[in-house]
Amino acid sequence: MIIYGIDFGGTNLRIGEVNPETGKLLKKSFSVPMNTIKTNNELTQIILSQVGNAEKIGISAAGNVDEKNLIIKMSPNSRIKEHITFGKTLKEKGFDVVMTNDMKAAVQGVARFGEGKKYNNVLVATYSSGFNCAVTRDKINTTAAELSHIIYKQNSDLFCGCGGIGHLDTYVSGNGAASMAKQYFFITKQTNHTIMKLSLEEYNKKKNSKYTLEDLKKSDVFALIVTSITSKHVYGAYSSNPNQEPQKHIKNIQVEAIAASFGTMVSAFNPLDVMVLMGSQTKDWDILFKTAIKKYESSKTQYQLATLEKPKIIKTNLSDIGIIGAVAYYIITKTCKLSNK
Ligand SMILES: [Zn+2]
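All the letters of the sequence shown, read from the start, carry residue numbers 1 to 341 under our numbering.
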């Protein structure tokens, strides 16, 4: 038996055939950038051309998912601005379809096939452009948490992507690192800086342009390059020059916030046996997470009640976690339905 997994992600649409016993992909997954798909019809045609005569399909989707009606109500990076309906269409065409949001799918993938296999209480947390987490107990989803937009710092002046101020999401996420760096450059107007160089290089590569450091003296080019700063540039600069601002300060703020996020998750979801971390921020594991874990583990009372157990904290090795998670969520949904009958 084979189950198809569809990962309707933030950046790419990915589709793969998964062995439901092992969680392994049968061949390399199909992938297409999300921003090339403009209509529901286009999207459905692409998916139909990939799933062939598959019977069982699990879908993991970034955004606001209506699991019952198999509709994605809103997905932040998709160019389709109405309800996204390929799940419903697949079902109408006779496929057996289960759909959920990307966090619930990811934690299923980790609990069934990944680092959480041997544990009862598994939490998966994503630290990428944003932050979020979800929990399974005995392989059953117990929450699709929205812990990201709680207040982490009162009297903060940092805006969150959601429009709020001082949210945990801003302090632990890639968007937060970028936003702090942007503020620094808009205020100081510095041009001769590693972060600016890295942002400039990437902009030129992406847009096929040939701006030089000299061009940064023009205010429109300067604004363009500051706006294009990402956390990758911030931590790239940190690796080569850890004592320079603003990366030194941004790193310290994020390490502290990440340590606090561990304590917050344990406080909300105790007991937890293992916390499995994923997302683009974890690429800078040594800079951010190694230090944050050390901080968290060596503190008795700062981040959580001292008597609560601290879970093991690791990074996931699962690639294609969206596809695998979609399939794992399909399996658990079907298993629960059978046992309820
Ligand atoms: Zn927020």
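We put the CB at the ideal spot given by N, CA and C, even for glycine.
field: Contained alpha helix (DSSP H) runs [length at least 4] in the region 237-287, N- to C-terminal order
entry: 247-269
query: Within the structure, which residues are defined as neighbours of ligand 1 by a Cβ-heavy atom distance below 6 Å, reported in chain order?
result: 149, 160, 162, 164, 167 and 169
message: Within a Cβ cutoff of 6 Å, which residues of the same chain sit near residue 222, ignoring the five residues on either side of it in sequence?
response: 216
message: Looking at the secondary structure, which residues open and close the beta strand (DSSP E) in which residue 17 lies?
response: 12-18
- request: With distances taken Cα to Cα, identify the nearest neighbour of residue 309 among 273, 337, 322 and 336.
  value: 273
task: Assign residue 193 to one of two classes, buried (16 or more other C-beta atoms within 10 Å of its C-beta) or exposed (fewer than that).
output: buried
message: Quick check: the region 104-115 against the region 323-330, are at least 3 beta-carbon pairs closer than 8 Å?
response: yes
query: At which residues does the alpha helix (DSSP H) containing residue 211 begin and terminate?
result: From DSSP, residue 211 is part of no alpha helix (DSSP H); its letter is neither H nor E.
message: Quick check: the Cα distance between residue 66 and residue 219, rounded to an integer number of angstroms?
response: 45 Å
Segment limits, beta strand (DSSP E) that includes residue 182: Premise fails: residue 182 lies in the alpha helix (DSSP H), 174-188, not in any beta strand (DSSP E).
Assigned exposure category for residue 52 - 16 Cβ within 10 Å defines buried: exposed
- request: Report the three-state DSSP secondary structure of residue 219 (helix, strand or coil).
  value: helix
- prompt: By Cβ distance, which residues of its chain are closer than 6 Å to residue 313, with the 5 residues on each side in sequence left out?
  reply: 275 and 293
field: Reduced DSSP secondary structure (H/G/I, E/B, other) of residue 48
entry: helix
field: residue 236 vs residue 198 beta-carbon contact at 9 Å
entry: yes
query: Using the rule of at least 16 other Cβ atoms within 10 Å of the residue's Cβ for burial, across every protein chain shown, is residue 115 buried or exposed?
result: buried
- request: Name the residue from 200, 278 and 336 whose alpha carbon lies nearest to the alpha carbon of residue 319.
  value: 278
message: Tell me which residue opens and which closes the alpha helix (DSSP H) that residue 31 is part of.
response: Run containing residue 31: none in the alpha helix (DSSP H); it sits in the beta strand (DSSP E), 30-33.
task: Quick one: grab the DSSP three-state call for residue 62.
output: coil
- prompt: Near residue 160, which residues of its chain fall below 7 Å by C-beta distance, leaving aside the five closest residues on each side in sequence?
  reply: 149, 167, 169 and 170
Alpha carbon of residue 290 to alpha carbon of residue 35, nearest angstrom: 34 Å
query: Would residue 133 be called buried (16 or more neighbouring beta carbons within 10 Å of its own) or exposed?
result: buried
field: Cα-Cα separation between residue 63 and residue 104, rounded to whole angstroms
entry: 12 Å
field: Range of the contiguous beta strand (DSSP E) that encloses residue 313
entry: 312-315
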